[in-house]
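Peer 1:
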Amino acid sequence: MLGLGPSGPQVVEGWHGVSYGKPLTRTREYVSIVRQIFAREAPLEHKGQIYEIPFRGTGSTGLGKPLKSILHGRPDLPIFTASIGPRGIACSAEVADGLIPVWMSPERMDLFQPPLEEGFARAGGGKGLGRFRIAPFVTCILNDDLSAARMPVKGMLSLYIGGMGARGKNFYNDYAKRMGYEEAALRIQDLYLAGKKAEAAAAVPDELVDEIALVGPAERIRDRMAAWKQAPVTDLIAAVGQPEALEVLAQGAA
């Protein structure tokens, strides 16, 4: 599988040094280009709002010509896009084969269903959940001490909710609010941006961790797996650092 994502303005402009521009337009064009490259049916040509291949704009030499990849890739390689915002989810349903949410609750498909249906309708051809994969990242930490098991997840969530974006433009903070944690999301962001990272992590609600991660004793993890089995989630991209936790996941998935 190939995973793609537009990132956010702080990273794209602050690290890559280019305009964030129109991320959804860029995603649509990029997926189209990649599919043409893998298909190898003709030399690559694309003229869109973001990408022009061959490039003939200002500063070009005029020597560019359509080319075909020497490498033979898989034309049917599944393409997933990463998103948690409604418009990005709809874009994924429209142009991709699957969606990668950075995290999600198996009980909150109501946050995903409307934009997915919107994207499927734009794609046409009868596309729907039966021909689409949902593959969230799910952290799994095996520990009989539940508080200790939750702490690494709280550290990750505080980074994303508190510091992965500007105060007024943080997609993860907005997502936590849509999940019902508005007061906590504001507090986490205030603490994180004030440099109080340990306090920000401590402010992450236990309930949020338990919704999106698999943590605690083995039996608790196996029990929680039932909610994931009942959700229309096709794949779990498991973040696991313990062989014994992977074994518990395998038992729970059986």
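Anchor point for the sequence shown: position 246 equals 271 in the working numbering, and the numbering is continuous, going up by one each time.
Positions of the beta carbon are idealized from the N, C-alpha and C atoms, including for glycine.
Note that this is a predicted model, so its numbers are computed, not measured.
Measure the Cβ-Cβ separation of residue 188 and residue 217 and say whether it is below 8 Å.
Peer 2: Counted from its first residue, the sequence shown places residue 188 at position 163. Counted from its first residue, the sequence shown places residue 217 at position 192. Yes. Within cutoff.
Peer 1: Beta-carbon within less than 6 Å of residue 210's beta-carbon, same chain only, minus the 5 sequence neighbours each way: which residues are those?
Peer 2: As a working mapping, residue 210 is identified with position 185 in the sequence shown. 186, 198, 201, 202.
Peer 1: Applying the 10 Å Cβ sphere with the 16-neighbour rule, what's the burial state of residue 105?
Peer 2: Taking the first residue of the sequence shown as position 1, residue 105 is located at position 80. Classification for residue 105: buried.
Peer 1: With DSSP collapsed to three states, give me the class of residue 263.
Peer 2: In the sequence shown, counting from the first residue as 1, residue 263 sits at position 238. Here residue 263 sits in strand by DSSP.
Peer 1: Beta strand (DSSP E) containing residue 241: first to last residue?
Peer 2: Translated into the one-based positions of the sequence shown, residue 241 becomes position 216. 239 to 241 is the extent of the beta strand (DSSP E) around residue 241.
Peer 1: Roughly how many angstroms lie between the CA atoms of residue 250 and residue 232, to the nearest whole one?
Peer 2: Taking the first residue of the sequence shown as 1, we reach residue 250 at position 225. Taking the first residue of the sequence shown as 1, we reach residue 232 at position 207. Distance between the alpha carbons of residue 250 and residue 232: 16 Å.
Peer 1: Note the first and the last residue of the continuous beta strand (DSSP E) segment covering residue 106.
Peer 2: What you label residue 106 is simply residue 81 of the sequence shown in a count that begins at 1. Looking at the DSSP string, the run of the beta strand (DSSP E) that includes residue 106 is 104 to 107.
Peer 1: Are there 16 or more other CB atoms within 10 angstroms of the CB of residue 282, so buried, or fewer, so exposed?
Peer 2: It is not possible to answer for residue 282, since the shown part of the chain is limited to 26 through 279.
Peer 1: Determine the DSSP secondary structure at residue 125, reduced to helix, strand or coil.
Peer 2: Looking up residue 125 in the sequence shown gives position 100. It is a strand residue.
Peer 1: I'd like the span of the alpha helix (DSSP H) that includes residue 304, first residue to last.
Peer 2: No answer is possible for residue 304: it lies beyond the span of the chain, which begins at 26 and ends at 279.
Peer 1: I'd like the list of long-range same chain contacts for residue 128, defined as Cβ closer than 7 Å, with 5 residues on each side in sequence excluded.
Peer 2: Translated into positions along the sequence shown, residue 128 becomes position 103. Here the set comprises 161, 162, 237.
Peer 1: Please name the residue, chosen from 138, 91, 274, 132, that lies closest to residue 114 on a Cα-to-Cα basis.
Peer 2: As a working note, residue 114 is residue 89 in the sequence shown. Closest option to residue 114, Cα to Cα, is 138.
Peer 1: Which value, in whole angstroms, describes the spacing of the CA atoms of residue 175 and residue 270?
Peer 2: Start at 1 with the first residue of the sequence shown, and residue 175 comes out as number 150. Start at 1 with the first residue of the sequence shown, and residue 270 comes out as number 245. The alpha-carbon atoms of residue 175 and residue 270 are separated by roughly 14 Å.
Peer 1: Measuring only the C-alpha atoms, how far is residue 110 from residue 134?
Peer 2: Residue numbering aside, residue 110 sits at position 85 when the sequence shown is read from its first letter. Residue numbering aside, residue 134 sits at position 109 when the sequence shown is read from its first letter. C-alpha separation (whole angstroms): 13 Å.
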